[in-house]
Amino acid sequence: MVNEVLMTQDILVEDFLTIFISSTLVLVFGGFYVGIYTAVKVKMLKKWTLPFGYLFWILTSYCLYLMGSLMHVNELTAKALVVAAIGLLLLPHAVYYMQDRVHEENEH
Amino acid sequence: MAKKSVWSDNRFWQRSAAWITGFASVLLIWLTFDTTAQISMGTDSDIQNGVTKRVPGPTVINYKITYEMNKKRQHEIPVIGGANADGTSSFQEKEKFFGRDDWSEEEATALLHLGKLGSQVKNCMNCHTLLGNGAYYAPDLTKAWLDPAWGPEGSMQAMTGKNTKEEAMAEFLQNPSQYPTHERMMPNLGITAEEAKGLVAFLKHMSTIDTNGFPRNFGKIQGAVNGK
Amino acid sequence: MANSYLNSESKKLATWYFTVAATLFGAQLLFGLVAAIQYVVPSFLFEILDFSVARMLHINALVVWMVFAMFGAVYWLLPDETGIETVGIGFGKLLFWIFTAAITVVVLVYIFVQVGSADEMSIWFIHEGREYIEAPRWADLGITVVALGFVANLFMTGMKGNRSGIVTVLMADMIAFAGLYLTGMFFTDNISVDQFWWWWVIHLWVEATWEVYVGALAAYGLITMIGAHRKVVEMWLWIEVSMLFGSGILGMGHHYFWIGTPEYWWEIGALFSALEPLPLVAMFIHVLYDWGKTQGEEHAKGQNRSVITNKPAFTWFVINAFGNFLGAGIWGFFHTLPQVNLYTHGTQFTSAHGHLAFFGAYATILIGMMYIAVQGKNGIKVLNHTKSSIWATSMIVGGVLGMTVALTIAGYVQVLVSRAQMGATWSGYFDGQAGTWFAQGMDWRLIMGFVTFTGFLFLIKDLLSIGKATHHAR
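Structure representation (C-alpha cells):
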C-alpha cells in the first residue's frame, strides 16, 4: 500500500474556491437533472424540457472532472468518480422503469 | 395483467438489501481486524528494536520527536529519535521529559493512562480537536507537542517562566486563564500538577501517531500572508 | 376513520416521547446560542458555563431529543402498521420514565458538576468526554437497557401482529442501532483505537442506521399522508436500504483518513463517499415521484383537491427529502475526498455540514412526525397550515440555512489561512479566527441562531394550538 504514491501535490491556495464551488455544483446540477427527468415523467413538466435535464448531467460531469483534476486525485479515485457520474445518469431511468412496472402490475 | 418482472418483485429487493448489507458489513469487519492490528499500541521493545508502529509505545516520551516530509510517502510523518537515511525513525536521539529520559515502560504507561483519562474528563474535545475530531473553538492538538509556539523560539516558555516545553505546557494547563494569548481563553479546569504531567505525556505521545500527513505543512510556514 | 389515538396506549406513549423530545430540542437551541455568543463575545459566562460545557449540552441534547423522537415515532406507527396494540406497552411506559429521569440527572450533572478529576470515577459519574456520546458510563448502561427494552417492544409487536415491510426494516435497523451503541462504551489509552470505535457509533448511526430509519419513516408518511401505494413504497424502501447500507457502511472510510489508521482507507473512503449522495438523490426523487403520481391520479378522476391529509407534516417531509440531499449530500460531498479533507478536516466546514445534515436529515422528519401525532390526537382528517406553522417552518429553515452559509464562509477562511497557508499551528489557528470574514461569519451565525430559536417558539406554540384551530376537515 505504502510504496505507491497516493497524494502527490498540495492543492494551490487559489484552487480551493473552484474546488468547493465545482463540487457543490456537481450535486446541484445532478439534482436538477434528476428533478427535471422525474418531473417530466410524472407530467409536472412538458416533454421538451427533457434535453435540459441531460444538459445538466453534462454540466455535472464537467464539474466532477474539474474538481477531480484540481485536487489531483489518483487513478482509482478518478475511476470511482466516472462510475458515480454514469450511476447518476442511469439512476432516474432505472427508478422510473421500476416504478412504472409496479404501478402497472397494481392497477391493471 | 402485465407479466411479473423481477425488478418489481419486493422479495427480490428484500433479498438484495440483505445481501448488500451483509456483504458490506463482512467487508467492514474484515478491514477492522486488519486495521485494529495495525493501530494497536507498540511496546518499549518495538522502540528498542527500531520497529516503527503507527501508534508507538508510551516510552516514546523519552525521545526527540519531529515531523518530516517523507519522500516515499509524499507527506509528513512523525520521526522518533532522529531519522534514518530513508527518512524513517531511527529511535536514537533521546530528549529529556520533565528532567528524565529513562521513563520505564510502567511509568510511561501510567503517565499516558492518566493523561488520556484527563483528556476525557477535562472535556478537551468539546473545544479542541484531537486528530482533527472534536469542536472548533480552540486549536487542533494532534501535533500540539511540535507547535513552534511552545519551542525555544516561541512565546509560551517566556510567558510561563519555564525553560522547557513540557514544563511550560504543564504550567499553562494548570493556570490557563493566567496566561491569556487571545481574547478567547482556556478556562481553569482544576488540573493538578500530576494531571498536567499526564496530559503533556498524552500530547507528546499523540504527536508520534502516524496520521497519514495530517495536518499538512504543520509548523513549516510561519508568517504567511493572511486572508483578512 | 375512527380516532385510533383514543384506544391506543402506544400512541399515548408516543406523545410523551414527543413532548420530552421537543423540550430537549429547545435546550439544544438554547445551549447552542450560548456557544454561538461565546464565539462573538468570549468572556460571556467564562468559567461559569464554558464553551466546552455549553457545546456538550448542545450536541447531547441534539442526540437525545432525536432518539426520543425516533422512539416516539415508532410507538406511534406500530399500531397502524401491525394492526394491534404494542405488546408490553406497560413496560415501555416504565422505560420512558427511567429514560427521562436518567437524562434529567445527566443534564443536571453536566451543568452543575461540569468537570472532575482525572480518574475512572469521573468517567462513571460525570461524563466520558467523547463528543456526542459524553453520557457517563452509568447512563450508558441505562440507555442500553432502555434501548433493548424498546427493541423488545418492537420485536414482540412485529412478531405478533402484521409484519409489514416498514416494520421489518425498522426491526432490523433498530437492533443494529442499539447494538452499535455498545462499541462506544469502553475506555482505552490508545486514542486511535478510541476514535476508531467511536466512529462505529457516530458514523454507523447517522450515516447508516438513522438514514434507513428515516427511509422507513418517509415510507410510512407517504402512505398515511398522500395515500401512496404500499407496494411501491415498500419496494422502494428495500432499494433505499440497499443503497444506504451499500454506500454508508463502508463510507465509514472517510472518517479513517487521519486518525492513525492505514492509508487504504483513503481509497475506500473516497469510493464509498462518492456513492453516498446517490441514495439521498433517490429518496428525493421517490417523494417527488409518489406525490406527482398520486396527485396525477386524483386529477385524472377530475378531482382538484390536494391528496395531502396533513399539510404541515407533509411540508416537513418534503423539506426532509430535500434537506437530506442538501445537508448530508452536497455539504458532505464537497469535503469528503481525502485530497481536500486534508485541509478541511476539523474546521468550520465540518460544523456547517453537521448543522445542515442533522437538521435536514433528521430534525425535519421528526418534527413532521410530531404534526402527525397532533393530527391523530385531535382526530383531524385534513390538517391545514396555520400562520404559526408557516412562520415556524420558514424561520427554522431560513435560520438553519443562514447558519450553514455563515459557517461555510468562516470555514473557507479557516481552510485558506489556518490550514493551507499556516499549517494548522496555534498561531495559524488564531490568525484564521481573527480574519474579518471569519468574524463576520460568526456574527451571522449568531443572528441566524436567534432566527432559528424564534422559529422554534412558533413551532411549540403551533404544536400546542394547531389541533384546536377550526379550519381543518374533521
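Protein chains in written order, with this note's numbering: chain A, 1 to 108; chain B, 1001 to 1228; chain C, 2001 to 2474.
Every residue gets a Cβ at the ideal spot worked out from N, C-alpha and C, and that includes glycine.
Because the structure is a prediction, the values reported are computed rather than measured.
Within 9 Å (strictly less), CB to CB, does Y2213 (chain C) reach chain E? The question asks about chain E, but that chain is absent: this structure's protein chains are A, B and C.
Against chain C, which members of the stretch 30 to 53 of chain A pass a CB distance test of less than 9 Å? G30, G31, V34, G35, Y37, T38, A39, K41, V42, K43 and M44
Applying the criterion that 16 or more other CB atoms from any shown protein chain within 10 Å of the CB defines a buried residue, is Q1014 (chain B) buried or exposed? buried
Taking buried to mean at least 16 other C-beta atoms within 10 Å of its own C-beta, is Q2414 (chain C) buried or exposed? buried
Checking the sheet assignment: what are the DSSP bridge partners for A2473 (chain C)? C:V2382
Does the stretch 2362 to 2380 of chain C touch the stretch 2421 to 2431 of chain C, meaning 3 or more C-beta pairs lie closer than 8 Å? no
Please confirm whether L55 (chain A) has its beta-carbon closer than 9 Å to some beta-carbon of chain C. no
As assigned by DSSP and simplified to three states, the class of S1089 (chain B): strand
Let me see if you follow: with CB-CB separation under 9 Å, is K1228 (chain B) close to chain C or not? Confidence at K1228 (chain B) is low in this model, with a pLDDT of 31, below 50, so its placement is unreliable and no value can be given for it.
In three-state terms, what does DSSP make of E4 (chain A)? Residue confidence is low: E4 (chain A) scores 42 on pLDDT, short of 50, so the model does not pin down where it sits. No coordinate-derived value is stated.
Select from C:H2254, C:Q2339 and C:I2380 the residue whose C-alpha is nearest the C-alpha of Q1074 (chain B). C:Q2339
Which word fits Q1120 (chain B), buried or exposed, when buried means at least 16 other C-beta atoms lie within 10 angstroms of its C-beta? buried
Who are the neighbours of Q1014 (chain B) on chain C, taking C-beta pairs under 7 Å? W2238
So W1030 (chain B) contacts chain A; which residues on that side make the cut at Cβ distance below 8 Å? Going along chain A, no residue has its Cβ under 8 Å from W1030 (chain B), so there is no contact; the nearest lies around 15 Å.
Using 9 Å as the threshold, is the C-beta distance between W2265 (chain C) and T1035 (chain B) below it? yes
Exposure of S61 (chain A), with buried meaning 16 or more beta-carbon neighbours within 10 Å: buried
Give a yes or no on contact between the stretch 2187 to 2198 of chain C and the stretch 2333 to 2348 of chain C, applying the rule of three or more CB pairs nearer than 8 Å. no
So, helix, strand or coil for K1228 (chain B), using DSSP? Interpretation of K1228 (chain B) is limited by its pLDDT of 31, a score under 50 that renders its predicted location unreliable; the figure taken from the coordinates is listed afterwards. Of the three classes helix, strand and coil, the one that applies to K1228 (chain B) here is coil, per DSSP.
Kindly say whether Y97 (chain A), judged by its beta-carbon, lies nearer than 9 Å to any beta-carbon of chain B. yes
At which residues does the alpha helix (DSSP H) containing P1078 (chain B) begin and terminate? First-last for P1078 (chain B): H1075 to I1080, but that is the beta strand (DSSP E), not the alpha helix (DSSP H).
For a quick check, are the C-beta atoms of V2281 (chain C) and L88 (chain A) less than 9 Å apart? yes
If we require 4 or more residues per run, which alpha helix (DSSP H) segments fall completely within the stretch 2147 to 2197 of chain C? 2165 to 2181
Bridge partners - E1068 (chain B), DSSP secondary structure assignment: B:I1077
Rounded C-beta distance between I1080 (chain B) and V1060 (chain B)? I'm assuming under 8 Å. 6 Å
Could you pull out every unbroken alpha helix (DSSP H) segment of at least 4 residues lying fully inside the stretch 2276 to 2337 of chain C, listed in chain order? 2277 to 2300 and 2311 to 2323
So, does the CB of H93 (chain A) fall closer than 9 Å to a CB anywhere in chain C? no
Test: E2081 (chain C) CB closer than 9 Å to a CB of chain B: no
Is P2277 (chain C) close to chain A? Criterion is C-beta to C-beta, closer than 9 Å. yes
What does Y2429 (chain C) touch in chain B if you count any residue whose Cβ is under 8 Å from its own? A1138, P1139 and D1140
Taking the Cβ atom as the reference point for each residue, do G2246 (chain C) and L2271 (chain C) lie within a distance shorter than 9 Å? no
Just to make sure I have the definition right: I need the residues of chain B whose C-beta is within less than 8 Å of the C-beta of E75 (chain A). Which are they? Going along chain B, no residue has its Cβ under 8 Å from E75 (chain A), so there is no contact; the nearest lies around 15 Å.
Look up K2011 (chain C) in the DSSP assignment and say whether it is helix, strand or coil. helix
Assess, as a yes-or-no matter, whether the stretch 2027 to 2044 of chain C is touched by the stretch 2115 to 2126 of chain C under the definition of 3 or more beta carbon pairs within less than 8 Å. no
Find the nearest neighbour of K1220 (chain B) within the set B:A1149, B:A1037 and B:K1064, judged by alpha-carbon distance. B:A1149
Within 9 Å of any Cβ in chain B, is that where the Cβ of V102 (chain A) sits? yes
Going along chain A, which residues have a C-beta under 7 Å from G2329 (chain C)? L27
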